[in-house]
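Residue 6 is where the sequence shown starts when you use our numbering, and the numbers rise one by one after that. Virtual Cβ for every residue (Gly too), placed ideally from N, Cα, C. Here the structure is a predicted model, which is why all the values come from computation and not from measurement. To start, the structure under review is shown below, and the notes come after it.
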Amino acid sequence: MRPVVIIPTYNEIDALPSTLDRVRKDLPEIDMLVVDDNSPDGTGDYADQRAEADDRISVLHRPGKGGLAAAYIAGFGWALEHGFTHLVQMDADGSHRAHDLVTMLERAAQSDEPDLVIGSRWVPGGGVVNWPMSRQLLSRLGNLYNRVALGLPYTDITAGFRVYRADTLARIDLSEVAIVGYYWQTDMTERLHRVGAHIVESPITFHEREAGQSKLSSSIFFESLAESTRRGFRHRTGQVKRMLTN
């Protein structure tokens, strides 16, 4: 098992140092890749300094702010080229904790060889810290809506803390994945589910960011629900057509 932690950044100079420190403390031998979108606050320069001091940290510089999904997909491409077996999605802002990643990697290494381990806030043992009840309710309802609309059996479809098997990503066309907003997490889950991937959930505790500014807005949330509605309608329509033609 040769995992790499992919950490996209844009203006995360206040948060990235502690995130890298925590990962290195709990997973001393793991590789990390920082994917920086030309942050004007110097995040990319800081990442370069860390990479000079730690040969298990690499940096991928992109020319400008292209969004979270595009950064991850670029990171996936880099990781696949470098022969890693498991690709980890992890936020730079401290929301995802390294000790939870230890558990997720242990789950990924079990004998049933899951294709995707989702770090889930809403399975037993999971949770959130410093979220108001209104935000918890929105997340739970959004995930429930996605499950019903798309016919997916998972509890935390929108989660961003994940471990993918590298060879599993070859089963889908990453160029077709929705890269606008935060819907792409749902899109990746749905695409892998449709090709029969073995997807499991591992409980995590999500911590609200400690430094910097959140990039998630209510408009992004409702755009994601609208896209789920469109995809769900298309999926259900396809099911009906197949039933009528069989």
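Outcome for residue i when other beta-carbon atoms lying within 10 angstroms are tallied against a minimum of 16
i    : result
E195 : buried
T173 : buried
G82  : exposed
V10  : buried
A58  : exposed
V134 : exposed
M6   : exposed
E86  : exposed
Q54  : exposed
L142 : exposed
E181 : exposed
N43  : exposed
Q115 : exposed
L32  : buried
Three-way DSSP call (helix, strand, coil) for residue i in this model
i    : result
F81  : helix
R112 : helix
S144 : helix
L106 : helix
G132 : strand
D41  : strand
L73  : helix
H212 : strand
L92  : strand
R157 : Checking the sequence shown, residue 157 turns out to be Leu, not Arg. Correct three-state label for L157: coil.
V64  : strand
A58  : helix
D178 : coil
D286 : Limits of the chain in this structure are 6 at one end and 251 at the other, which puts residue 286 out of reach.
Y150 : helix
T191 : helix
R126 : coil
H87  : coil
T250 : helix
Residues sharing a beta bridge with residue i, DSSP
i    : result
S23  : Its beta-bridge partners do not exist; DSSP assigns none.
L121 : Y169, I204
D36  : V9
T48  : T48 pairs with nothing; no bridge assigned.
T14  : D41
Rounded C-alpha distance that separates residue i from residue j
i    : j    : result
D192 : A183 : 7 Å
K70  : L21  : 17 Å
M138 : H101 : 20 Å
Q190 : T210 : 18 Å
T250 : L155 : 22 Å
L92  : P158 : 23 Å
I78  : L179 : 7 Å
T48  : E213 : 20 Å
A103 : I35  : 11 Å
L38  : F89  : 11 Å
A75  : D120 : 21 Å
R199 : A175 : 14 Å
P68  : I162 : 30 Å
- Query: Does the stretch 105-125 come within contact of the stretch 157-172, defined as at least 3 CB pairs closer than 8 Å?
  - Reply: yes
- Message: Below 8 Å, how does it come out for the stretch 117-128 and the stretch 41-56: are there three or more Cβ pairs, yes or no?
- Response: Output reads no: the stretch 41-56 does not touch the stretch 117-128.
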